[in-house]
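Protein chains: 2
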Amino acid sequence: MVMNSARPRTVAVATPGGRYDILIGSGLLQDASSWADLPASSQAVIVSNATVDALYGDDLAASLASRHRQVSRVLLPEGEAHKTWDSLNRIFDHLLAHACDRKTVLYALGGGVIGDMTGFAAATYMRGVPFVQVPTTLLAQVDSSVGGKTAINHPLGKNMIGAFYQPARVVCDLGTLASLPARELSAGLAEVIKYGPIFDMAFLDWIEDHMVALRAGDAEALAHAVQRSCEIKAEVVGQDERESGLRAILNFGHTFGHAIEAGQGYGAWLHGEAVGCGMVLAAALSAELGLVPGAFVERLTRLVQAAGLPTQAPAMPDERWLELMRVDKKAEAGAIRFVLIDPPGRASLRSAPDDQVLRVIRRHSVPVASAA
Amino acid sequence: MVMNSARPRTVAVATPGGRYDILIGSGLLQDASSWADLPASSQAVIVSNATVDALYGDDLAASLASRHRQVSRVLLPEGEAHKTWDSLNRIFDHLLAHACDRKTVLYALGGGVIGDMTGFAAATYMRGVPFVQVPTTLLAQVDSSVGGKTAINHPLGKNMIGAFYQPARVVCDLGTLASLPARELSAGLAEVIKYGPIFDMAFLDWIEDHMVALRAGDAEALAHAVQRSCEIKAEVVGQDERESGLRAILNFGHTFGHAIEAGQGYGAWLHGEAVGCGMVLAAALSAELGLVPGAFVERLTRLVQAAGLPTQAPAMPDERWLELMRVDKKAEAGAIRFVLIDPPGRASLRSAPDDQVLRVIRRHSVPVASAA
């Protein structure tokens, strides 16, 4: 993948829980000035996995050497299936074995799984230490590193155990996207696309116009996609840190998506793939309820396809779908709630009759008969 | 233990993280009005252990029946040794198995271990649900249920994993203290005594005058002890929720105390027993450094003894003491820090030379030669 260089930019995020900057640019990870004005501490711990550490661990450690007397690293097993207490406990074991005090700064170097677990470890180690997000996937840069949601999975549900905890800074180095497999870049584009239907249809136009450049790894196009996605997310989160209302719209596609992920076993589908497909289902449910025209569903389906993402859900029995969606955190008193589009560019949280939900699922999934 | 009845009283607590009331009185647990104006939810979950549940579980469930459609219970294994991830996970398993949503209210019915774990579960289940403290030990009523500290232990350190999370209310029913073993009542008195040296010498006078009544279970004396302790703690916590400065004084006796608890294995000494003994050591260290007169150490030692608490630390090698105290959360960059008295009625966080610390420990502990 050819990567040119993008001009640096900053998105400021203000929430009741704290304010911080998102830095977006090329080569930020190697640049010591990316860490200027962060909390001082003698110890720093980089949390990563073996793949990402091999690519960027040394660069980050070198770049942090002038700020912290001791920089150590802890590597976690890779993938959503390992977003568990056991992995989290590896961080705690490391911190305690190194006698890390409550000023120690944690650096999350990796994708959403690393970010979520490092953030939750930072939120709970000695009841809270500072942490910095250094997201190395497009998905993490546009979504999971913004908004202060941290969590681990429980066998009965994704992200069920966690905390709202804001990073001290987010450093999005576009250079790290050059090493990203095409499948993961596509998965990240799902969360970029998401911001169109729920908030900004002009951004959806821009994404359609730049999909080829984005998939080719054009740095300037990626920089704009990351910036605009972070701006929208920051605006939404700034109004509603604790997800009492507006923030829930960021979960467009996620009720169906989480059911796909959990139903297939974490890791079988990438989160972004499940969300891409989930957005098609959520748009189709919006159309089923008469909230958007069918043409909108077709347009979104084409764009999800153009991003290299699946638009057809896997085969699962009706009861399994309903059971998996009922444990979603947005559910209330057992009623499944969906983020629906009404009209394009605006979204809200609603319930829908089971029979209409199942009809939409059937129309957009692999027939049960052909399931493996 | 004979218990008369005490007039009800309320202590209001305001912190940046939220405001809530502490209700103190006799028979509050059976009184539905104790729960008035709490967050509404269809589901409530009582977290307790088998001993406490057998005594008060039915009363609490009955008293909550008018507020919540479904009241279920989850029982955890008893004791500090079980303040672990495994116990915490029992709560999560229960919540998910019962499809509890993010409005579910958790009620912590028990002592500090139940309160700490229920609070941490509430802080992290779906990133935060409301919870109510119903402390049934004196220690929990005067200390652990106030201030929003929640945590579990890690094999390498006590309360290392946790969160600051405020309850929606604290209901201190003095009637529950009637069933408390004398040893646990004494342990609770350690934390009552604590508030004297660090904040209010007039309260220390009062405790000396009422020690017999307190140990005899006099409800009016206990009510005053709980009220004044909560008032002092609320004042301190209100000024410093996150323990950046003033709040640390509440840990008077805890640096030594935690080392005793961890060194002897959690559960061998009750927390209050370790704190009682730890206060004697911390006062002696204050005297060793010339901050208080020797007579103050003798006075505190007599009061700790009168409360039925140990004043002599267990035998441990010097290196073990230092190692255990270095993992204390107050330590910074490897330097152990103690809450020292200077003068009586005021406290601050300081370091001390290892040789003076060890001299004080030797003077106030069982000789190593006679260790089992």
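Protein chains in written order, with UniProt numbering: chain Z, 1 to 372; chain S, 1 to 372. All C-beta atoms in this analysis are idealised placements derived from N, C-alpha and C, irrespective of residue type, glycine included. What you are looking at is a predicted structure, and each value in this text was computed from that prediction instead of being measured.
Point to revise | Through-space distance from residue 143 of chain Z to residue 35 of chain Z, alpha-carbon basis | key: Residue 35 of chain Z and residue 143 of chain Z: Cα-Cα distance of roughly 21 Å.
Point to revise | Beta-ladder partner(s) of residue 330 of chain Z, from DSSP | key: BP columns for residue 330 of chain Z are empty, so no partner.
**Study point:** Cβ of residue 127 of chain S within 7 Å of any chain Z Cβ
**Key:** At a cut-off of 7 Å between C-beta atoms, residue 127 of chain S counts as an interface residue with respect to chain Z.
Practice item. Check each residue of the region 328–339 of chain Z: if its Cβ is closer than 8 Å to any Cβ of chain S, include it; give the result in chain order. Key: Listed by position along the chain: 329, 331, 332, 333 and 334.
Check your understanding: When you compare only the Cα positions, how much space is there between residue 83 of chain S and residue 166 of chain Z?
Key -> So the two alpha carbons sit approximately 27 Å from each other.
Review point. Per DSSP, which one or two residues make a beta bridge with residue 154 of chain Z?
Key: Partner residues in the beta bridge of residue 154 of chain Z, as assigned by DSSP, are Z/157.
Point to revise | Test: residue 272 of chain Z CB closer than 7 Å to a CB of chain S | key: No, because no Cβ of chain S sits closer than 7 Å to the Cβ of residue 272 of chain Z.
Practice item. Following the continuous beta strand (DSSP E) through residue 172 of chain Z, name the residue where it begins and the one where it ends. Key: Boundaries of the beta strand (DSSP E) harbouring residue 172 of chain Z: 169–173, taken from the DSSP string.
Exercise for review: Select from S/329, S/213, S/233 and S/296 the residue whose C-alpha is nearest the C-alpha of residue 95 of chain Z.
Suggested key: Nearest of S/329, S/213, S/233 and S/296 to residue 95 of chain Z, Cα basis: S/329.
Check your understanding: Do residue 157 of chain S and residue 327 of chain S have their CB atoms nearer than 7 Å?
Key -> Cβ atoms of residue 157 of chain S and residue 327 of chain S: closer than 7 Å.
Practice item. Under 8 Å by Cβ, that's how I've got residue 190 of chain Z and residue 134 of chain Z pegged, so tell me the actual separation to the nearest angstrom. Key: Here residue 190 of chain Z is actually not in contact with residue 134 of chain Z; their C-beta atoms are around 22 Å apart, not less than 8 Å.
**Study point:** Neighbouring residues, chain Z, relative to residue 131 of chain S (Cβ below 8 Å)
**Key:** Going along chain Z, no residue has its Cβ under 8 Å from residue 131 of chain S, so there is no contact; the nearest lies around 14 Å.
Check your understanding: Taking the Cβ atom as the reference point for each residue, do residue 15 of chain S and residue 238 of chain S lie within a distance shorter than 7 Å?
Key -> Residue 15 of chain S places its beta carbon less than 7 Å from that of residue 238 of chain S.
Review point. At a CB-CB cut-off below 7 Å, which residues of chain Z make contact with residue 124 of chain S?
Key: Residues of chain Z passing the Cβ test: 161, 162 and 163.
Check your understanding: Would you call residue 290 of chain Z buried or exposed, if buried means 16 or more other Cβ atoms sit within 10 Å of its Cβ?
Key -> It counts as exposed.
**Study point:** Separation of residue 89 of chain Z from residue 226 of chain Z, as counted between CA atoms
**Key:** When only Cα atoms are considered, residue 226 of chain Z and residue 89 of chain Z end up about 31 Å apart.
Exercise for review: Please compile the residues from chain Z whose C-beta is within a distance smaller than 8 Å of the C-beta of residue 157 of chain S.
Suggested key: What residue 157 of chain S touches in chain Z: 96.
**Study point:** Where residue 209 of chain Z falls, given that 16 or more other Cβ within 10 Å makes a residue buried
**Key:** Per the 10 Å Cβ criterion, exposed.
Check your understanding: For residue 365 of chain S, does the three-state DSSP call read helix, strand or coil?
Key -> Three-state result, residue 365 of chain S: strand.
Check your understanding: Do residue 230 of chain S and residue 11 of chain S have their C-beta atoms within less than 7 Å of each other?
Key -> Yes, they are a contact pair.
Practice item. Note the first and the last residue of the continuous alpha helix (DSSP H) segment covering residue 373 of chain S. Key: The shown model of chain S, from 1 to 372, leaves out residue 373 of chain S, and the question about it has no answer.
Point to revise | Amino acids of chain Z, ordered along the chain, whose beta-carbon sits closer than 7 Å to that of residue 154 of chain S | key: Neighbours of residue 154 of chain S on chain Z, chain order: 92 and 96.
Review point. Does the beta carbon of residue 85 of chain Z sit closer than 7 Å to a beta carbon anywhere in chain S?
Key: Yes, because at least one Cβ of chain S sits closer than 7 Å to the Cβ of residue 85 of chain Z.
Exercise for review: Return the CA-CA distance between residue 122 of chain S and residue 149 of chain S, expressed in angstroms with no decimal places.
Suggested key: Annotation: residue 122 of chain S to residue 149 of chain S spans about 12 Å, alpha carbon to alpha carbon.
Point to revise | Local conformation of residue 305 of chain Z per DSSP, three classes | key: Helix at residue 305 of chain Z.
Exercise for review: Quick one: grab the DSSP three-state call for residue 39 of chain Z.
Suggested key: Per DSSP, reduced to three states, the secondary structure at residue 39 of chain Z is coil, with no helix or strand assignment.
Practice item. Note the first and the last residue of the continuous beta strand (DSSP E) segment covering residue 336 of chain Z. Key: Looking at the DSSP string, residue 336 of chain Z is not in any beta strand (DSSP E), and its letter there is neither H nor E.
Practice item. Compute the Euclidean distance between the alpha carbons of residue 175 of chain S and residue 362 of chain S, then round it to the nearest angstrom. Key: The alpha-carbon atoms of residue 175 of chain S and residue 362 of chain S are separated by roughly 41 Å.
Exercise for review: Please determine, among S/115, S/306 and S/92, the residue with the shortest C-alpha to C-alpha distance to residue 159 of chain S.
Suggested key: Cα-wise, what sits closest to residue 159 of chain S is S/115.
Exercise for review: Tell me, please, whether the CB atom of residue 102 of chain Z is closer than 7 Å to any CB atom in chain S?
Suggested key: Judged by the 7 Å Cβ criterion, residue 102 of chain Z is in contact with chain S.
Exercise for review: Check the Cβ of residue 151 of chain Z against every Cβ in chain S and list those closer than 8 Å, keeping chain order.
Suggested key: Residues of chain S whose Cβ lies closer than 8 Å to the Cβ of residue 151 of chain Z are, in chain order, 127.
Point to revise | residue 99 of chain Z: contacting residues in chain S (beta-carbon distance under 7 Å) | key: Those are 326, 327 and 334, listed as they occur along chain S.
Review point. Residue 257 of chain S to residue 339 of chain S, Cα distance in whole Å?
Key: Approximately 12 Å between the Cα atoms of the pair.
Check your understanding: If you drop the 5 nearest sequence neighbours on each side, which residues of the same chain put their C-beta closer than 8 Å to that of residue 263 of chain S?
Key -> If we look at residue 263 of chain S and ignore the five residues flanking it on each side, its Cβ neighbours are 314, 316, 320, 321 and 324.
Review point. Ends of the beta strand (DSSP E) at residue 133 of chain Z?
Key: From DSSP, the beta strand (DSSP E) with residue 133 of chain Z extends over 131–135.
**Study point:** Sequence-distant residues of its chain with Cβ nearer than 6 Å to residue 228 of chain S (five each side left out)
**Key:** Answer for residue 228 of chain S: 203, listed in chain order.
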